[in-house]
Amino acid sequence: EAQVTQNPRYLITVTGKKLTVTCSQNMNHEYMSWYRQDPGLGLRQIYYSMNVEVTDKGDVPEGYKVSRKEKRNFPLILESPSPNQTSLYFCASSRGRALPGRQGSWGNEQFFGPGTRLTVL
Amino acid sequence: GDSVTQMEGPVTLSEEAFLTINCTYTATGYPSLFWYVQYPGEGLQLLLKATKADDKGSNKGFEATYRKETTSFHLEKGSVQVSDSAVYFCALSESNFGNEKLTFGTGTRLTIIP
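Protein sequences, first through last, are from chains A and B.
Numbering-wise (my numbering), the first sequence opens with residue 50 and increments by one.
Numbering-wise (my numbering), the second sequence opens with residue 19 and increments by one.
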């Protein structure tokens with residue numbers, strides 16, 4: 050079954066204790082991304098990766114790190130979590146290689162994981 | 019920058035009622051437009067999409083038409099079911115240099131009562 054998996058699904062931690070949220074996809078997708086979902090704000094992109102060893106910041110990267118050593122995995126690292134990082138996190142993937150074009154070439158479907166609910170006390 | 023504005027919820031309808039969830043967008047280029055649905059405890063799933071002006075996306079009885087002149091992508095369904103209860107997100111993608119970032123609206127919670 051084609052899917053994006055995330056672990057853990059739920060996590061309660063304390064300020065400053067390093068944590069990693071794993072993300073894995075089995076669709077051989079090149080593009081992967083992390084979002085956080087907060088009430089009234091929708092989903093906002095944290096980091097993205099166009100391929101192995103290629104990562105870049107999204108709209109809200111402060112306090113997060115990522116790595117892409119293998120195509121299937123894209124972990125999200127919080128080196129020193131703070132309460133303002135309490136949120137619902139989603140990993141997403143797509144086939145990638147969207148090409149520029151005049152009329153909406155960015156139509157790739159993105160597949161989302163089930164989410165990780167993180168609480169930082 | 020890009021932005022998406024969608025109808026605020028929550029929306030509560032009776033089964034078999036007609037549904038409209040409004041969505042308008044602001045973009046600098048030629049975005050693709052999407053509706054994603056989130057069922058309780060699950061991740062987002064693509065419901066439908068449209069990649070150019072006047073395209074109509076459709077799936078599971080839902081439809082939305084890409085209207086460039088009004089910068090809108092309203093979601094409609096003729097007869098809703100209890101199983102349609104979920105949160106619906108309108109989104110656009112205007113990829114720059116390979117980033118397929120989705121810009122989302124804030125979501126509309128839909129509840130269908132029998």
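Think of the CB as a built atom: it goes at the ideal place given N, C-alpha and C, for glycine as much as any other residue.
For Y52 of chain A, three-class secondary structure by DSSP = Here residue 52 of chain A refers to the residue found at position 3 of the first sequence. The sequence shown places Gln at residue 52 of chain A, rather than the Tyr named in the question. Coil at Q52 of chain A, not helix or strand.
Are the stretch 35-47 of chain B and the stretch 80-99 of chain B touching, with three or more C-beta to C-beta distances below 8 angstroms?
-> Yes, the stretch 35-47 of chain B touches the stretch 80-99 of chain B.
Alpha carbon to alpha carbon, what distance is there between V53 of chain A and G123 of chain B?
-> Start at 1 with the first residue of the second sequence, and residue 123 of chain B comes out as number 105. Start at 1 with the first residue of the first sequence, and residue 53 of chain A comes out as number 4. Each residue's CA atom was taken as its position, placing G123 of chain B and V53 of chain A some 23 angstroms apart.
Please look up how many angstroms separate the CB atoms of Q86 of chain A and S136 of chain A, rounded, as I've assumed it's under 8 angstroms.
-> Locating residue 86 of chain A in the first sequence gives position 37, where the first residue counts as 1. Locating residue 136 of chain A in the first sequence gives position 87, where the first residue counts as 1. A Cβ-Cβ distance of about 7 angstroms is found for the pair Q86 of chain A and S136 of chain A, placing them in contact under the 8 angstroms criterion.
Distance between beta carbons of E34 of chain B and V98 of chain B, contact taken as under 8 angstroms = Start at 1 with the first residue of the second sequence, and residue 98 of chain B comes out as number 80. Start at 1 with the first residue of the second sequence, and residue 34 of chain B comes out as number 16. 7 angstroms between Cβ atoms; contact.
Which same chain residues, not among the five before or five after R166 of chain A, have their C-beta less than 6 angstroms away from its C-beta?
-> Counting from one through the first sequence, the residue named residue 166 of chain A turns up at place 117. For R166 of chain A, the CB contacts under 6 angstroms within the same chain, skipping 5 residues up- and downstream, are Y59, L137 in chain order.
Euclidean distance between Cα positions of T129 of chain B and E128 of chain A | Along the second sequence, one-based indexing puts residue 129 of chain B at 111. Along the first sequence, one-based indexing puts residue 128 of chain A at 79. Answer to the nearest angstrom: the Cα atoms are 39 angstroms apart.
Can you name, in chain order, every residue of its own chain whose Cβ lies under 7 angstroms from the Cβ of P163 of chain A, other than the five neighbours on each side?
-> Walking along the first sequence from the start, residue 163 of chain A turns up at place 114. Spatial neighbours of P163 of chain A in its own chain (CB-CB distance under 7 angstroms, excluding positions within 5 residues in sequence) are listed in chain order as Q55, R58.
Between E50 of chain A and chain B, is there a C-beta pair that is closer than 8 angstroms?
-> Here residue 50 of chain A is taken as the residue at index 1 of the first sequence, counted from 1. Judged by the 8 angstroms Cβ criterion, E50 of chain A is not in contact with chain B.
Might you give, ordered along the chain, the residues of its own chain that have their beta carbon closer than 8 angstroms to the beta carbon of G150 of chain A, omitting 5 neighbours on each side?
-> Reading the first sequence from its first residue, position 101 is the one you call residue 150 of chain A. Low confidence applies here, because G150 of chain A scores a pLDDT of 49, under 50, leaving its location unreliable; read the following figure in that light. Cβ neighbours of G150 of chain A within its own chain (closer than 8 angstroms, five residues either side excluded): none.
Does the Cβ of Q121 of chain B have 16 or more other Cβ atoms within 10 Å, making it buried, or fewer, making it exposed?
-> Stepping through the second sequence from its first residue, residue 121 of chain B is reached at position 103. The sequence as given places Thr at residue 121 of chain B; Gln does not occur at that position. Burial check for T121 of chain B: the Cβ neighbour count within 10 Å reaches 16 or more, so the residue is buried.
Touching by the beta-carbon criterion (3+ pairs, under 8 angstroms), the stretch 71-87 of chain A and the stretch 100-109 of chain A = Yes, since at least three Cβ pairs between the stretch 71-87 of chain A and the stretch 100-109 of chain A fall closer than 8 angstroms, the two stretches touch.
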